[in-house]
Ligand code: GLU
Ligand code: ZN
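In this note's numbering, the protein residues as written are 33 to 331.
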C-alpha cells in the first residue's frame with residue numbers, strides 16, 4: 033500500500049462463483065474509470081467468503097480477464113477466505129456492544145412468517161447448550177439514509193425491510209455484509225462503485241460501519257445488465273463468459289453502455305480506449321440508472 037493516503041481508493045470485489053459476464057465487466061470498468069479519473073487507487077478483492085460456492089478456477093480466470101482488458105490493480109489482491117480472523121475480531125466487538133445475539137430459527141420458518149426476522153430469539157433465547165446457531169445483529173430504529181452518486185437519495189428502515197440480520201451464519205461462515213464492511217474499512221476504501229442489485233444491502237453495511245466506528249464511503253450503484261427476458265446476467269441465466277469475447281470490441285461497447293461515445297479511431301487500442309474513458313468519465317450524468325439491455329451492447 034502507498035505510504036501516503038490518497039483521497040480516493042476504489043475497488044472491484046467479484047465473487048468467484050463463475051467467470052466474469054458483461055454485467056460484472058461493466059462494474060469492473062466503471063469502478064476503474066471512476067478511480068483513475070479521480071487519480072485514485074483501484075484495488076481488487078476476491079469475495080470468496082463462501083468456499084463451496086467458489087467455482088473451481090474462477091479466481092484465476094477473473095484476474096486473467098481483467099489483465100487482458102488492461103485493468104491493472106494497484107496492490108496485492110485480497111482474498112476474503114484468508115481474512116476470517118479480522119471478521120472474528122469485529123464480530124466480537126458487536127457482541128461486546130451487546131448488539132449481537134444467537135438465533136436458531138430456520139430460514140424456512142422466517143420465510144413462512146413473511147421473510148422479515150421478527151427478533152424471535154432476542155425475546156426467547158435458545159438454550160445455553162445449543163451448539164448450532166447463527167449470530168444476528170439488532171437493527172437500528174431510525175432509517176439509514178445515503179446519497180448515491182447515480183441513484184440519488186436512498187433511505188431504508190432495516191427493521192421493517194429485513195429485520196435483525198445475520199452477521200455469522202449457522203454453518204460458521206461470516207456473513208457478506210460483515211465481511212464487506214470490515215474489508216472496505218481495513219482496505220481504506222473511500223469510493224464504492226458496484227451494481228444496483230446490491231443497493232438493498234448498502235444500508236445494512238452502513239449500519240455496521242456506524243456500529244463499528246468506520247467511516248462510510250461514497251457509493252455509486254450502476255445499472256445492471258439484463259438479457260432479453262429482463263433477467264440480470266448471471267451464471268444462472270447462462271450469461272456468456274467475457275473471456276470468450278473479443279477484448280477490443282467488448283471494451284468499446286462497454287464504454288457506450290456507460291453513456292460514453294468513444295471515437296471509432298481508438299477502437300483498435302485498449303490503452304487508448306481506457307485513457308479516453310478516464311478523460312471522459314462523467315459518472316453522474318451519463319449513466320442510464322435502471323438497467324442496460326445486453327443486446328444493446330451489440331454482440
Ligand atoms: N462480491 C459481491 C458480488 O460480486 C460484490 C461486493 C461489492 O461490490 O460490494 O456480488
Ligand atoms: Zn431466531
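The C-beta atom is built at its ideal place from N, Cα and C for all residues, glycine as well. Remember, predicted model here, so these are calculated numbers, not experimental data.
Same chain, Cβ closer than 7 Å to residue i, five either side skipped, listed in chain order
{"i": "residue 68", "result": "74, 310"}
{"i": "residue 45", "result": "77, 79"}
{"i": "residue 33", "result": "Low per-residue confidence applies at residue 33: pLDDT is 49, beneath 50, and the placement is therefore not dependable, though the value from the model is reported in the following sentence. For residue 33, where only same-chain residues beyond five positions count, the Cβ hits under 7 Å are 107."}
{"i": "residue 89", "result": "none"}
{"i": "residue 119", "result": "206, 210, 211, 214"}
{"i": "residue 153", "result": "133, 134, 135, 136, 137"}
{"i": "residue 306", "result": "102"}
Beta strand (DSSP E) segment containing residue i, residue limits
{"i": "residue 270", "result": "Run containing residue 270: none; DSSP gives neither H nor E here."}
{"i": "residue 178", "result": "176-180"}
{"i": "residue 166", "result": "166-169"}
{"i": "residue 341", "result": "Within the shown structure, residues of the chain are numbered from 33 to 331, placing residue 341 beyond reach of any answer."}
{"i": "residue 186", "result": "184-188"}
{"i": "residue 284", "result": "First-last for residue 284: 279-289, but that is the alpha helix (DSSP H), not the beta strand (DSSP E)."}
{"i": "residue 227", "result": "223-227"}
Whole-angstrom C-beta distance between residue j and residue i, which should lie under 8 Å
{"i": "residue 188", "j": "residue 235", "result": "4 Å"}
{"i": "residue 58", "j": "residue 286", "result": "6 Å"}
{"i": "residue 289", "j": "residue 238", "result": "The pair is not a contact, with the Cβ atoms about 28 Å apart (cut-off 8 Å)."}
{"i": "residue 167", "j": "residue 199", "result": "5 Å"}
{"i": "residue 112", "j": "residue 211", "result": "5 Å"}
{"i": "residue 148", "j": "residue 195", "result": "4 Å"}
{"i": "residue 49", "j": "residue 275", "result": "The pair is not a contact, with the Cβ atoms about 15 Å apart (cut-off 8 Å)."}
{"i": "residue 209", "j": "residue 233", "result": "6 Å"}
{"i": "residue 197", "j": "residue 186", "result": "The Cβ separation is near 17 Å, so there is no contact."}
{"i": "residue 264", "j": "residue 229", "result": "6 Å"}
{"i": "residue 313", "j": "residue 65", "result": "4 Å"}
Cβ shell of residue i (< 8 Å), same chain only, five flanking positions each side left out
{"i": "residue 279", "result": "100, 101, 302"}
{"i": "residue 244", "result": "122, 125, 126, 213, 214, 217"}
{"i": "residue 162", "result": "134, 136"}
{"i": "residue 219", "result": "41, 43, 75, 77, 110"}
Close beta carbons around residue i, own chain, < 6 Å, minus the five adjacent residues each side
{"i": "residue 231", "result": "253"}
{"i": "residue 246", "result": "217"}
{"i": "residue 273", "result": "51"}
{"i": "residue 284", "result": "299"}
{"i": "residue 222", "result": "40, 41, 249"}
{"i": "residue 63", "result": "42, 44, 225"}
Delimiting residues of the alpha helix (DSSP H) encompassing residue i
{"i": "residue 303", "result": "302-312"}
{"i": "residue 128", "result": "116-128"}
{"i": "residue 214", "result": "208-218"}
{"i": "residue 144", "result": "139-144"}
{"i": "residue 155", "result": "152-155"}
(message) Give me the pocket residues for ligand 1, defined as CB within less than 6 Å of any heavy atom, sorted by chain position.
(response) With the criterion CB distance below 6 Å from any heavy atom of ligand 1, the matching residues run 45, 46, 47, 79, 212, 226, 230 along the chain.
(message) Give me the pocket residues for ligand 2, defined as CB within less than 6 Å of any heavy atom, sorted by chain position.
(response) Cβ-based neighbours of ligand 2 within the cut-off: 135, 136, 137, 152, 153.
(message) Please give the ranges of any beta strand (DSSP E) in the segment 41-112, keeping only runs that are unbroken, at least 3 residues long and fully inside the region.
(response) DSSP runs (the beta strand (DSSP E)) wholly in the segment 41-112: 41-44, 73-78.
(message) Which complete beta strand (DSSP E) runs does the segment 238-265 hold, if anything under 3 residues is left out?
(response) Listed in chain order, the complete beta strand (DSSP E) runs (minimum 3 residues) inside the segment 238-265 are 250-254, 256-258.
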